[in-house]
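Peer 1:
Numbering (the numbering used here), first residue to last: 1 to 210.
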């Protein structure tokens, strides 16, 4: 027979377990659908003509992996905390935007086929660059690259994520700034160390509205 003290212990254990049970359910929530191999190849094709020419293949692949990983690991309803220096909590994360991309991937391939290519990724750099320019100006010019994907424009989301990254800042200034790194005050009076690249960094020659 269970006495009153045992019941209280059991009730306390259940109360303590419930938050962890909720965390387990959240952790096991299904991830957003991953990009298909063909879509990842398309992103690589965009990277080759839209990211700085000083980036090597590893740098471009890293930009693609970061973009894909951001979407795969996105969680709807996640606590967003508050911005730096702001005590007001931001709204929780909204629905994922990746479901808006498939028609945009299809449009890129369709535009390439209209130029005689089998797909966007299979098209020549000149054709891909022209398609990217059109995507940045249709249905209206992209005047500001988003810092985080919005789903409104696949090309702008991909390019914007890169150009707002710490690596892009280092490349632009040719210095190891480490914008997102946590640093102490030691040697804070010294300029960042220069970085070495194989070519002078330059932005892509894409006639967008930016």
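We put the beta carbon where it would ideally sit given N, CA and C, even for glycine.
Everything numeric in this text was worked out from a predicted model, so none of it was measured.
With a 10 Å radius around its C-beta and 16 neighbouring C-beta atoms as the bar for buried, classify residue 65 as buried or exposed.
Peer 2: Result: exposed.
Peer 1: Which runs of the alpha helix (DSSP H) at least 4 residues long sit entirely within the segment 98-148? Give them in chain order.
Peer 2: DSSP runs (the alpha helix (DSSP H)) wholly in the segment 98-148: 102-114, 125-137.
Peer 1: Would DSSP call residue 37 helix, strand or coil?
Peer 2: Helix.
Peer 1: Taking only the alpha-carbon atoms, compute the straight-line gap between residue 193 and residue 121 and give it to the nearest angstrom.
Peer 2: Using only the alpha carbons, I get a separation of about 37 Å.
Peer 1: For residue 73, would you say it is in contact with chain D, using Cβ-to-Cβ distances shorter than 8 Å as the test?
Peer 2: You won't find chain D in this structure, because it holds only one protein chain.
Peer 1: So is residue 125 buried or exposed if we call it buried at 16+ other beta carbons inside 10 Å?
Peer 2: So residue 125 counts as exposed.
Peer 1: With a 10 Å radius around its C-beta and 16 neighbouring C-beta atoms as the bar for buried, classify residue 116 as buried or exposed.
Peer 2: Under this definition residue 116 is an exposed residue.
Peer 1: On the CB-based measure, 16 or more other CB atoms within 10 Å of its CB, does residue 166 come out buried or exposed?
Peer 2: Counting Cβ neighbours within 10 Å, residue 166 comes out exposed, since fewer than 16 surround it.
Peer 1: How many Å lie between residue 153 and residue 108 at the Cα?
Peer 2: Spanning the two alpha carbons is a distance of roughly 12 Å.
Peer 1: Under DSSP, the alpha helix (DSSP H) around residue 69 begins and ends at which residues?
Peer 2: From DSSP, the alpha helix (DSSP H) with residue 69 extends over 57-72.
Peer 1: For residue 149, is the classification buried or exposed, using 16 other Cβ atoms within 10 angstroms of its Cβ as the cut-off for buried?
Peer 2: The residue in question, residue 149, is buried, as its Cβ has 16 or more Cβ neighbours within 10 Å.
Peer 1: Take residue 60 and list the residues in its own chain whose beta-carbon comes closer than 8 Å to its own, dropping the five residues that flank it on each side.
Peer 2: Taken in chain order, the residues that qualify are 44, 47, 48, 51.
Peer 1: Less than 8 Å between the beta carbons of residue 99 and residue 76, yes or no?
Peer 2: In this structure, residue 76 does not lie closer than 8 Å to residue 99 by Cβ.
Peer 1: In chain order, what residues of the same chain have a beta carbon less than 7 Å from the beta carbon of residue 104, not counting five sequence neighbours either side?
Peer 2: Cβ neighbours of residue 104 beyond the five flanking positions: 154.
Peer 1: I'd like the span of the alpha helix (DSSP H) that includes residue 156, first residue to last.
Peer 2: First-last of the alpha helix (DSSP H) with residue 156: 154-163.
Peer 1: Would the beta-carbon of residue 159 fall within 8 Å of that of residue 171?
Peer 2: No, Cβ-Cβ distance for residue 159 and residue 171 is not below 8 Å.
Peer 1: Which word fits residue 238, buried or exposed, when buried means at least 16 other C-beta atoms lie within 10 angstroms of its C-beta?
Peer 2: Any answer about residue 238 is impossible in this case: the structure gives the chain only from 1 up to 210.
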